[in-house]
Amino acid sequence: MKFECFVPAIVVSVATSAILVAPAALADSPLTSTPFASAYHDVEIVRYTAEWGLDDRVLAVLGSPEIPNDIRAAIVNQIGWSNEPQANAERYLAYLASQKNIEPSQMTLALLTPEETFAMGYLLAMDRRFSLNAPIGGSGEVEQTNALELLDLAVAEAPRDFSIIMIRALVQSQREFREGPKNWCAVYQVVNSAISNFSGDRNMRPEAVKTIMDYIGIYRHECVSASY
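The opening position of the sequence shown corresponds to residue 171 in our numbering, with each subsequent residue numbered one higher.
Quick look at the structure:
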């Protein structure tokens, strides 16, 4: 006997409506759908990171003042995120503490260089993209600081650095995304404002900015009455 499968029309209607209402990439998110490291694959350390991940060499490079902040951001973006629990920020903190011969719990914000603060904040955002208010965890000052707090400090230390401002906005947009549909307009507004309000030289490649905005722009239509 042959059985024919059918889907009731009402189910198809509901499913179609859901697709029309929601942004096309809602299964994704600002932090997971903006792989701008691809714009830096001509840079050796970014290619190395793509192959080897967060090893000792990459840990050392992340805080180097000789590395421009857009490449630093590209390295973290290349390290990326995982559906499994990851603790890259915790590993980075342990590495920095070991360089000073102290315990991670003894690390204070004052002991971090601006480059290390930026890298730590972005790494932690990738680790905690579902719970951005969550710190690394522990009793120390750095261990108790969350991703946005670290990135706010990085912006304060380098207020004219476009790469830092852009990553901070991207992480903020992730928080807005996690708040649900009522905040989807803000996903776009936060990043768009970071770009439009910046008047200095942009130290991030145009291709990288385009990769970010190709995704973030999906949420523009959620802004019913905003002007741009």
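In this text, a Cβ means the ideal position worked out from N, Cα and C, and glycines have one as well.
Quiz item: By Cβ distance below 6 Å, which residues in the same chain neighbour residue 385 in space, the five residues on each side in sequence not counted?
Solution: Locating residue 385 in the sequence shown gives position 215, counting from the first residue. 203, 204.
Quiz item: Helix, strand or coil for residue 379 per DSSP?
Solution: Position 209 of the sequence shown, counting from 1, holds the residue named residue 379. Of the three classes helix, strand and coil, the one that applies to residue 379 here is helix, per DSSP.
Quiz prompt | Cβ pair count under 8 Å reaching 3, the region 226–238 against the region 270–281 | solution = no
Practice problem: Could you tell me the distance, in whole angstroms, from the CA atom of residue 392 to the CA atom of residue 369? | Solution: Sequence index remark: in the sequence shown, residue 392 carries index 222 (1-based). Sequence index remark: in the sequence shown, residue 369 carries index 199 (1-based). Those two C-alpha atoms are separated by around 26 Å.
Quiz item: Curious, which full-length alpha helix (DSSP H) runs of at least 4 residues does the region 294–368 contain?
Solution: 317–327, 332–348, 354–366
Self-check item: Supposed contact pair residue 299 and residue 344 - C-beta distance, whole angstroms, cut 8 Å
Solution: The residue labelled residue 344 in the question sits at position 174 within the sequence shown. The residue labelled residue 299 in the question sits at position 129 within the sequence shown. At roughly 6 Å, the Cβ-Cβ gap stays under 8 Å, so residue 344 and residue 299 are in contact.
Quiz item: Three-state secondary structure (DSSP) at residue 243?
Solution: Locating residue 243 in the sequence shown gives position 73, counting from the first residue. If DSSP states are grouped into helix, strand and coil, residue 243 belongs with the helices.
Quiz item: Which residues bound the alpha helix (DSSP H) around residue 258?
Solution: For the purposes of this step, residue 258 is identified with residue 88 of the sequence shown, where counting begins at 1. Start and end: 258–269.
Exercise. Look at the Cβ atom of residue 216, then the Cβ atom of residue 245, and state whether they are nearer than 8 Å.
Key: On the sequence shown, residue 216 is found 46 positions in, with the first residue counted as 1. On the sequence shown, residue 245 is found 75 positions in, with the first residue counted as 1. Contact flag set, yes.
Exercise. Please look up how many angstroms separate the CB atoms of residue 310 and residue 275, rounded, as I've assumed it's under 8 Å.
Key: Translated into positions along the sequence shown, residue 310 becomes position 140. Translated into positions along the sequence shown, residue 275 becomes position 105. Confirmed, about 4 Å.
Quiz item: Should residue 307 go down as buried or exposed, given a rule of 16 or more other Cβ atoms within 10 Å for buried?
Solution: The count along the sequence shown starts at 1 and reaches residue 307 at position 137. Per the 10 Å Cβ criterion, exposed.
Quiz prompt | Those runs of the alpha helix (DSSP H) which lie wholly inside the region 202–226 and span at least 4 residues | solution = 214–222
Exercise. From the DSSP output, in three-state form, read off residue 274 for me.
Key: Here residue 274 corresponds to residue number 104 of the sequence shown, with the count starting at 1. Three-state DSSP puts residue 274 in a helix.
Quiz item: Going by the beta-carbon positions, is the gap between residue 316 and residue 293 smaller than 8 Å?
Solution: What you label residue 316 is simply residue 146 of the sequence shown in a count that begins at 1. What you label residue 293 is simply residue 123 of the sequence shown in a count that begins at 1. In this structure, residue 293 does not lie closer than 8 Å to residue 316 by Cβ.
Quiz item: When DSSP labels each residue in this structure, what does residue 231 get in the three-state scheme?
Solution: Reading the sequence shown from its first residue, position 61 is the one you call residue 231. Residue state, collapsed to three classes: helix.
Quiz prompt | DSSP state of residue 254 mapped onto helix, strand, coil | solution = Translated into the one-based positions of the sequence shown, residue 254 becomes position 84. Note: residue 254 maps to coil in three-state DSSP.
Quiz item: Tell me which same chain residues have a C-beta within less than 8 Å of the C-beta of residue 263, skipping the five on either side of it?
Solution: In the sequence shown, counting from the first residue as 1, residue 263 sits at position 93. These residues qualify, in order along the chain: 274, 277, 290, 306, 312, 313.
Self-check item: Assigned secondary structure, residue 388 (DSSP; H/G/I helix, E/B strand, else coil)
Solution: Taking the sequence shown and counting its residues from 1, one reaches residue 388 at position 218. Note: residue 388 maps to helix in three-state DSSP.
Exercise. Work out the CA separation of residue 352 and residue 340 for me, nearest whole Å.
Key: Counting from one through the sequence shown, the residue named residue 340 turns up at place 170. Counting from one through the sequence shown, the residue named residue 352 turns up at place 182. Spanning the two alpha carbons is a distance of roughly 18 Å.
Exercise. Take the Cβ of residue 214 as the centre, count every other Cβ of all protein chains shown within 10 Å, and call the residue buried at 16 or more, exposed below.
Key: Reading the sequence shown from its first residue, position 44 is the one you call residue 214. It counts as exposed.
Exercise. Compare the C-alpha of residue 253 against each of 297, 268, 372 and name the closest.
Key: Here residue 253 refers to the residue found at position 83 when the sequence shown is read from its first residue. Cα-wise, what sits closest to residue 253 is 297.
Quiz prompt | DSSP-derived helix/strand/coil call for residue 290 | solution = Locating residue 290 in the sequence shown gives position 120, counting from the first residue. In this structure, residue 290 counts as helix in the three-state DSSP scheme.
Quiz item: If we ignore side chains and look at the alpha-carbon of each, how far apart do residue 323 and residue 287 end up?
Solution: Position 153 of the sequence shown holds residue 323. Position 117 of the sequence shown holds residue 287. Distance between the alpha carbons of residue 323 and residue 287: 7 Å.
Quiz item: Would DSSP call residue 237 helix, strand or coil?
Solution: Residue mapping note: residue 237 aligns to position 67 of the sequence shown, counting from 1. Correct three-state label for residue 237: coil.
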